[in-house]
Each structure stands twice: as structure tokens, then as C-alpha cells.
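In case it helps, our numbering puts the sequence shown at residues 1035 to 1352. For each residue, glycine too, the CB sits at the ideal point set by N, CA and C. Quick notes on the structure that follows.
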Amino acid sequence: MKQEILLRVENLNKVFTIGSIFSRVRIRAVNNVNFEIGNSEIFTLAGESGSGKTTVAKIILGFLEPTSGKILYKGKDISELQKDRAKDLLRKEVQAVFQNPFETFNPLRRVSNYLMETVKNFGISERPEEVIESALNLVGLTWNEVKDKYPSEFSGGQLQRISIARSLLTNPTLLVADEPVSMVDASLRMSIVNLFKDLKEKRGVSVLYITHDLATAYYVSDRIAIMFRGEIVEIGSVEKVLMDPKHPYTMLLKESIPEPDPKKKWTKDIKILTLEEEEYQMKGCKFISRCPYRMEKCKNPVPDVEVDDRLVKCYLYT
Ligand SMILES: Nc1ncnc2c1ncn2[C@@H]1O[C@H](COP(=O)(O)OP(=O)(O)OP(=O)(O)O)[C@@H](O)[C@H]1O
Ligand SMILES: [Mg+2]
């Protein structure tokens, strides 16, 4: 399964600073993250809310600057690629699929306008209708079904398909899909992720699939990285990581995450802020307070340990 590398994320860090100079709070949204995505590979980033998944995606898409570290696309630094003429190529080859298809499309414009516009913007002006038809066919739709309609005339699942079709117009190599199924009815989720599988198998497209949903992640991914508080705590084949998790957090995630105590809700914001500054200072394992196996040495920086064909950030295996 080890193919040529398409995208490499190297020592990526993103620190956000919020508040005034008097009460400054720093958040390590992404903390020394490393992973790679191969050609025609589906790679999943999973982890609870706030673990840094979207921040990683935004940096890859060039919407955010990293604090440090870099992203190599086909071996070249994307911050360099974004500067010169390669920018247009990058915009074509790396396409985003967003969470909410209803936000992707303006409700007052026909969906077909968007498709036509994308075709024009990317200079694919020859026989635009045919290009659109074939992209729509890939997602199980036709130009006739779509062309006269407004976004509200489609279901969430259909609209997400159309937004995927739109991203396919440029013949992308990599789709960055941040929670693409979370707004879609559970019954239709599989059909969307199946599309990714199809695109991978038939057209060699790679996908960075970001999700909370481990069931679809297990079904479509080749490899998976589990994020916790900005760090990858476990990374490897989806089979190994999800069927036989080694990191205590992955084990917990598989058992599903407990809800926070609703009675304490009103103090939540204040608590999170202190926690974040505290966490910023933390050198050791971020999972320590919730970990049933914690040890004294977990307060020290934790190495990535190779265990049974995957990497685990945990002292249990050293
Ligand atoms: N623009 C910003 N300014 C300040 N903090 C931010 C900003 N964007 C994200 N964060 C913080 O960075 C951390 C990671 O956020 P991110 O959105 O990447 O998480 P996520 O894993 O995508 O979560 P979710 O599953 O809820 O989408 C969170 O603590 C978040 O509050
Ligand atoms: Mg997110």
C-alpha cells in the first residue's frame, strides 16, 4: 500500500493567540504534526472537537499560515508554489469539499451557474456542458436533473454530491474533505464516502478525509491519524488503528466520547481558557488527566513509538 507520496505534512505547528495583552491565551491548535498522503490513498484525520483537524486542512489549502513547519505537495513547499505560476495548478489539483453544502451555494443562484462559473474560472471553456455532465455522472447525477434548479430544490446529500462534482471539474489530484458527511442524513453518508472510494479507484484521486465518524472512516480509509489536542497520538493503517487501538485515547474514542457534565456548562468557557494556557505550557502527554494508565513519566515529552505497524505517542510502549 506504500505508494509514492503526494502530500507531506512536516513538523506542522499552529499557535493561535486570543484575548488582550493583559489576558493573553495561547492555543496550540496543531502541535508538531507529521503525516503523508500517498497517490490514490484515502487518509483520515479523526479526533474530538477542537483537536486541530480543520486547522490542518486550512493550512494545506493555503487559507491559514502555519506558525512553523511545512507542507510539501509533490515534493515542493506549498508556500513557494503559492507564490509563482504554479499557484493556478495547485488550485486546480487540490480541491476542498466543505461540511455544509448549503453554505457552498448561494440560495438565490441556480446551481448550474456555479458549475459554469467554475468551468470558466479554470479556463476549461471547451464544451463546458459536456465537462459538467461527465463530472455530474461521476457523482451519480446528470446535467438535466441539475441545470434549472436552485440549491433549496436538492437534499443535503444531493447538494453535497453536486459540490463534489464541482470540485471534480478541475480534475483534482487531492480532495480535502472536512466533515463532508456530517450534514448529510446518516442513510446517505455511505453513498458520499463510496464516491471517494470510486474516485480513488477509478481516477487515482487521493482524499484527506476529516471526520468524527469512525464507521465511515473505517470503511473508506487506507490509513488514519487520530488527533488529540493538536497532536497525532496514533497513526497507521485503519485496520490496525481502529480494530486494535494502542493509544488509550484511541481506545476511548472507539468506545465513544462521554458528554461533558451539563450542570457545569455555565463555567465551560472560563475553564477552557485556563486549560488552554495551561496546556500550552504542558510538555508531556495532553491526555494525562483522562488516561487510566498514566504514569509519572507521562509529564515528560512523549516519543512516537512504533508498535505493531503503527506509531503511538505513549509511554506504555517504550
Ligand atoms: N481562528 C482561530 N482563532 C483562535 N483559535 C482558533 C481559531 N481556529 C481554531 N482555533 C482553536 O484551535 C483549536 C483547534 O480547532 P479546529 O477547528 O482545528 O478543531 P477541529 O478538530 O476541526 O474541531 P471540530 O471537530 O469541532 O471541527 C480549537 O481549540 C479552536 O478553538
Ligand atoms: Mg473542524
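Measuring only the C-alpha atoms, how far is residue i from residue j?
i       : j       : result
Pro1214 : Glu1038 : 26 Å
Ser1102 : Asn1045 : 7 Å
Lys1126 : Ile1052 : 34 Å
Val1131 : Leu1193 : 11 Å
Arg1257 : Ile1071 : 9 Å
Glu1265 : Arg1328 : 17 Å
Ser1225 : Asn1334 : 44 Å
Leu1209 : Glu1310 : 31 Å
Phe1262 : Ser1255 : 19 Å
Phe1097 : Glu1312 : 28 Å
Asp1342 : Leu1276 : 13 Å
Leu1124 : Tyr1252 : 29 Å
Arg1144 : Val1165 : 18 Å
Lys1347 : Lys1092 : 24 Å
Ile1196 : Cys1332 : 47 Å
Phe1050 : Tyr1243 : 24 Å
Glu1179 : Gln1129 : 24 Å
Lys1326 : Tyr1314 : The sequence shown places Pro at residue 1326, not Lys. Spanning the two alpha carbons is a distance of roughly 22 Å.
Glu1167 : Gln1133 : 24 Å
Lys1299 : Ile1112 : Reliability of the predicted coordinates at Lys1299 is poor, the pLDDT of 40 falling under 50, and no value is obtained from them.
Lys1234 : Asp1182 : 30 Å
State the beta-bridge partners of residue i as determined by DSSP.
i       : result
Gln1129 : Leu1209
Gly1270 : Ile1258, Arg1344
Tyr1243 : Thr1078, Ala1211
Tyr1187 : According to the sequence provided, residue 1187 is Glu. The question's Tyr does not apply to it. Paired residues: none, contrary to the question.
Ile1071 : Leu1041
Arg1060 : Thr1051
In this structure, how does DSSP classify residue i when only helix, strand and coil are distinguished?
i       : result
Ser1146 : helix
Lys1048 : strand
Leu1248 : helix
Lys1231 : helix
Val1336 : coil
Ile1094 : helix
Leu1040 : strand
Ile1055 : coil
Asn1178 : helix
Leu1350 : helix
Ser1102 : strand
Glu1313 : helix
Asn1065 : strand
Tyr1107 : strand
Glu1265 : strand
Leu998  : With the chain running from 1035 to 1352 in the structure shown, residue 998 is simply not present.
Met1224 : helix
Out of the options, state which residue places its alpha-carbon closest to the alpha-carbon of residue i.
i       : options                            : result
Val985  : Phe1156, Phe1230, Arg1119, Glu1137 : For residue 985 there is no data in the structure shown, the boundaries of the chain being 1035 and 1352.
Tyr1283 : Ala1080, Phe1056, Val1067          : Ala1080
Lys1236 : Leu1202, Asp1342, Tyr1253, Met1224 : Leu1202
Val1267 : Leu1098, Leu1041, Val1064          : Val1064
Val1339 : Leu1350, Lys1331, Glu1330          : Leu1350
Glu1289 : Asn1155, Asp1247, Lys1108          : Asp1247
Pro1135 : Ile1260, Lys1092, Ala1211, Val1341 : Ala1211
Asn1047 : Arg1060, Leu1345, Thr1245          : Arg1060
Val1239 : Lys1274, Ala1220, Asn1205, Pro1141 : Asn1205
Leu1170 : Lys1183, Ile1055, Arg1200          : Arg1200
Thr1176 : Phe1069, Thr1089, Leu1149          : Leu1149
Any heavy atom of ligand 4 closer than 6 Å to the CB of residue i?
i       : result
Lys1231 : Looking at this structure, you won't find ligand 4 anywhere; what it does contain is ligand 1 and ligand 2.
With a threshold of 7 Å between beta carbons, is residue i in contact with chain C?
i       : result
Asn1178 : Judged by its chain identifiers, the structure shown contains no chain C, having just a single protein chain.
Cβ pair count under 8 Å reaching 3, the segment 1150–1166 against the segment 1184–1197
no
Checklist entry - Hey, is the segment 1110–1127 in contact with the segment 1084–1091, meaning 3+ C-beta pairs nearer than 8 Å? => result No, the segment 1110–1127 does not touch the segment 1084–1091.
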